[in-house]
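The numbering used here applies: residue 173 is where the sequence shown begins, and numbers increase by one.
Comments concern the structure below.
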Amino acid sequence: MRITPILFVFLTFLSSASAESFLGQLKNTFKLGFDSNNDRMGYYVGMSIGQSNWESSVQFTPGVSVDEDDTVAKLFVGVPLNETYAIEFGYSETAASVSAPNGALLQAANGVSFLTTSAGTADLDFESFSIGLRGKWLLLENLSGTGKLGIHRWESDINFGGMGGPSVGDSGMNVSLGLGLDYYWNDFITFRADLERVLEEEEVDLMMIGGALHF
């Protein structure tokens, strides 16, 4: 995935001893004008990584297998509305794979179907741009529960060329729901755990952990 190497560098930085000093200097340099004593209200940017699961409704002939679990990586930016709610923008990538023997019948997106001429595996790449309303409610001093309602604009591509089939793409826009936890390590850094479901014909569950920088 294109964003995975960046994500690991970001999470490593969050756990480093120099992170708090750097963010303190950055926060003093870029004042965002929030008239509040709550340091947790500022803009934020972050990354998450985790596991995706596809609940495929497509039926294949015997001998075809679908691996519906893969790594998901996500970048996100938040713009606060008040102490409770923020608008969050995100970009995520994940994948799935289809393995089939020679002579199998495969039904791809948009009703495309074909018989394989050779055995092989095809990877389904899925990317999504999202916008949503994310709320947080304090549970403990440094721990908040979160909820999210959003919209995903997604695109998927799969190339069956190795099996004698076509390259197929699909896209759409669907509602997503999410629940999670935010842990405040300090006023600048939070760690988060999120469970998000994209409500399309083939539901996609995203289970992620990550971190964010607050300004």
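Heads up, the beta-carbon is just placed ideally off N, CA and C, and yes, glycines get one too.
Here the structure is a predicted model, which is why all the values come from computation and not from measurement.
query, result
"Exposed or buried, W309, counting other C-beta atoms within 10 Å across all chains shown (16 or more means buried)?", "exposed"
"What does a CB cutoff of less than 7 Å around L321 pick up in its chain, not counting 5 residues either side in sequence?", "G304, L305 and L349"
"Under the three-state reduction of DSSP, which class applies to G333: helix, strand or coil?", "helix"
"Do R369 and D377 have their beta-carbon atoms positioned less than 8 Å apart in this structure?", "yes"
"Which stretch, first to last residue, makes up the beta strand (DSSP E) that contains W309?", "G292 to L312"
"Please state the DSSP three-state secondary structure of V244.", "strand"
"Over the uninterrupted beta strand (DSSP E) stretch that includes T288, give me the two end residues.", "No beta strand (DSSP E) holds T288; DSSP gives it neither H nor E."
"To the nearest angstrom, how far is the alpha carbon of S339 from that of Y263?", "23 Å"
"Buried or exposed: G382, going by 16 or more other Cβ atoms within 10 Å of its Cβ?", "buried"
"Count the other C-beta atoms from every protein chain shown that fall within 10 angstroms of the C-beta of M345, then say buried if there are 16 or more, exposed otherwise.", "exposed"
"Quick check: what's the CA-CA separation for G317 versus S224?", "21 Å"
"Excluding the 5 residues flanking V249 on each side, which residues of the same chain have their C-beta closer than 6 Å to its C-beta?", "V217 and F261"
"Buried or exposed for E265, going by 16 or more other Cβ atoms inside 10 Å?", "buried"
"What residues are listed by DSSP as bridge partners for Y215?", "Bridge partners of Y215: none, in fact."
"In chain order, what residues of the same chain have a beta carbon less than 6 Å from the beta carbon of S300, not counting five sequence neighbours either side?", "S264, H324 and W326"
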